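Structure first, commentary second.
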Amino acid sequence: MTDPLVFAHQTLGQRILFGSGLAAVNVAAEVDRLGADAVMVITGGHDANFASGVARQINATLTYDDVAPHVPIEKAEKARAAAQEYDVDLVVCVGGGSAIGLAKAIALTSRLPIIAVPTTYAGSEATNVWGITEASRKTTGVDDGVLPVSVIYDAELTLSLPVELSVASGLNALAHCVDSLWAPRADPINAAMASEGIRALSAGLSALNAGSGDLRGREQTQYGAYLSAVAFASAGSGMHHKICHVLGGAYDLPHAQTHATVLPYVLAFNAPAAPEAARRIADALGCSDALEGLNQLRKRLKAPVALRDYGLKETDLSEAADLILKVIPSSNPRKVTRQDLLILLHAAWNGAEF
Ligand code: NAD
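The sequence shown maps to residues 2 to 355 in the numbering used here.
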């Protein structure tokens, strides 16, 4: 017999449009549907041509490209002031998590609606989580007002994303799925999304790794990234996200590569105490053992291997263990000690077997 089903699940309301080559048409249709008069288009920079084409098509009031990683408060305030000055009533953001993060910072104080057009697999577009950095400290919060009302996925916009960054970003999405299986609000609904997310990400990343022009692989990866973000938003941050949040915030490590590197270590640590999660992951990866399946995928994809390659110093590990220990969720399937964290971090720093 299965266990009794008792849980509370929150579903976030968004309109999701998928279609390669359809982003410009879909943005125009959504702007029309939402009845906006003064649109601000935010662009992450690499997509300036696409963004300026869209801005012309929808007769945008303002095109804005002062985007920086982790949303520094000064950039957020400048963008908020620009939105106010131009009497903006809708924000369209095109780019990765940094561009979407800036749009969320505007929405946090103005309640303006957002249309998000993601160009990486980070997944911020499907969460109600915002993040702002002040004096080198990143604060995050949850507010339904920052959830984009529409998300427009167009795999053609990811063709320019280099394969290495696509792999790191796709594994960032895979980490949302894995961590959501033991995060504080894990439930059967977000677990189902996480399983399908892992399957789609594994298939999509394998295909795009075989040739950077593989549009079908990138579509599958976007689909998996969306599911991963929905699962993560619903389940909350587990041990993996807590570790990466500390490492990214305190030592300025790159977001996607940090997630991609840390994931196998958290899986190796938790899997023996979370057999149902491990079975789901293994099934979704089409193999008999979750960790072996993840490691095989990582090897095929030539995934990032060691935190020391991204600027973390060995002398940082002791302080990092202290900072992480304070935020490990009590829901984690395995009790975590400072010594456990030191061993895990040291292995991830070195890229060693764990
Ligand atoms: P990013 O947005 O900083 O993009 C990384 C780099 O890739 C940038 O230089 C960008 O210009 C470039 N880039 C993006 N798309 C490209 C494309 N299609 N072609 C070529 N270059 C491209 O990084 P990210 O990993 O997408 O996002 C990371 C940020 O998002 C972090 O600040 C993280 O905290 C945040 N995030 C937030 C949530 C949330 O729920 N709030 C979820 C995930 C990530």
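Glycine residues also receive a C-beta, built at the ideal position from the N, C-alpha and C atoms. This structure is a prediction, so every number in the text was calculated from the model and none was measured.
{"query": "Alpha carbon of L248 to alpha carbon of I133, nearest angstrom", "result": "16 Å"}
{"query": "Residue range of the beta strand (DSSP E) that includes K139", "result": "R138 to V143"}
{"query": "heavy atom of the ligand NAD below 7 Å from L13 C-beta", "result": "no"}
{"query": "Minimum length 4: unbroken alpha helix (DSSP H) runs contained in the stretch 67–112", "result": "74–86 and 98–111"}
{"query": "Closest residue to G239 among D290, I43 and W183 (Cα-Cα distance)", "result": "W183"}
{"query": "Neighbourhood of V118 by C-beta distance below 6 Å, restricted to the same chain and skipping five residues each side", "result": "A24, V95 and I153"}
{"query": "Distance cut-off 7 Å: N173 Cβ against heavy atoms of the ligand NAD", "result": "yes"}
{"query": "Where Y266 sits in the DSSP three-state scheme", "result": "helix"}
{"query": "Proximity winner among Q11, Q221 and S196, relative to A204 (alpha-carbon distances)", "result": "Q221"}
{"query": "DSSP state of T316 mapped onto helix, strand, coil", "result": "helix"}
{"query": "Residue closest to L298, alpha-carbon to alpha-carbon, out of L286, R309, V306 and L308", "result": "L286"}
{"query": "W131 - DSSP class collapsed to helix/strand/coil", "result": "strand"}
{"query": "The stretch 44–60 in contact with the stretch 74–81 per 3-pair CB rule at 8 Å", "result": "no"}
{"query": "Contiguous alpha helix (DSSP H) assignments of at least 4 residues, all confined to the stretch 183–229", "result": "189–211"}
{"query": "Check whether G198 and G225 have beta carbons under 8 Å apart", "result": "yes"}
{"query": "P276, DSSP secondary structure in three states", "result": "helix"}
{"query": "Local conformation of R339 per DSSP, three classes", "result": "helix"}
{"query": "C-beta contact flag for A274 and P334 at 8 Å", "result": "yes"}
{"query": "Chain-order list of residues whose beta-carbon lies under 7 Å from that of Y266 (same chain, five-residue window excluded)", "result": "L345, A348, A349 and F355"}
{"query": "Extent of the continuous alpha helix (DSSP H) run through I244", "result": "M240 to Y252"}
{"query": "Through-space distance from Y122 to G54, alpha-carbon basis", "result": "23 Å"}
{"query": "Rounded distance between the beta-carbons of G171 and L216, thought under 8 Å", "result": "No, L216 and G171 are not in contact; Cβ-Cβ is about 15 Å, not under 8 Å."}
{"query": "V150 and P114 closer than 8 Å at C-beta", "result": "yes"}
{"query": "For Y311, the three-state DSSP class (helix, strand or coil)", "result": "helix"}
{"query": "Option nearest A156 by Cα separation, candidates G98, S229 and G20", "result": "G20"}
{"query": "Range covered by the beta strand (DSSP E) that runs through A158", "result": "Note on identity: in this sequence residue 158 is Leu, with Ala being the wrong assignment. Careful: L158 lies outside any beta strand (DSSP E) and carries neither H nor E."}
{"query": "Beta-carbon proximity list for A283, same chain, < 7 Å, skipping 5 on both sides", "result": "S289, D290, A291 and G294"}
{"query": "8 Å Cβ cutoff, V89 in contact with chain B", "result": "Absent from the structure is chain B; it holds one protein chain and no more."}
{"query": "contact_flag[the stretch 299–309, the stretch 253–265] where n(CB pairs < 8 Å) is 3 or more", "result": "yes"}
{"query": "Buried versus exposed, by CB contacts within 10 Å (16 or more), V93", "result": "buried"}
{"query": "Continuous beta strand (DSSP E) stretch holding S151: start and end", "result": "S151 to Y154"}
{"query": "Nearest neighbour of N60, chosen from T259, F51, H71 and M41 [CA to CA]", "result": "M41"}
{"query": "Proximal residues to Q223 (C-beta, below 6 Å), its chain only, five neighbours per side dropped", "result": "Y154 and A156"}
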